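Residue numbers (this note's numbering): 2 to 83. Note that beta-carbon positions come from the ideal geometry of N, C-alpha and C, so glycine has one too. Note that the structure is predicted; figures quoted are calculated from it, not measured. Before any comments, here is the structure.
Have a look at this one:
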């Protein structure tokens with residue numbers, strides 16, 4: 002079976018109705034394909050971003066970062082009182 006990649010723009014409800022029309026074997030194939038795709042939560046993406054930032058910022062000690070955070074928080078709080 003040859004395949005061709007297409008980009009379709011259809012409303013989600015239309016897609017659902019199309020899936021409903023599939024027979025059980027086709028739905029099973031679709032389910033397996035969807036399960037193979039990596040779906041990440043925002044928490045996983047946030048964790049990955051933190052990991053990447055951590056690797057890029059190894060030259061800063063944890064103590065320096067904590068001091069900078071405290072300064073930034075103090076500046077924000079001081080700015081909010083004006």
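Expected contact under 8 Å - CB spacing of residue i and residue j to nearest Å
| i | j | result |
| --- | --- | --- |
| residue 9 | residue 20 | Actually they do not touch by this definition, with Cβ atoms about 13 Å apart. |
Extent of the continuous alpha helix (DSSP H) to which residue i belongs
| i | result |
| --- | --- |
| residue 32 | 25-37 |
| residue 49 | 43-57 |
| residue 13 | 13-21 |
CB contact flag (residue i, residue j, <9 Å)
| i | j | result |
| --- | --- | --- |
| residue 58 | residue 66 | yes |
| residue 49 | residue 41 | yes |
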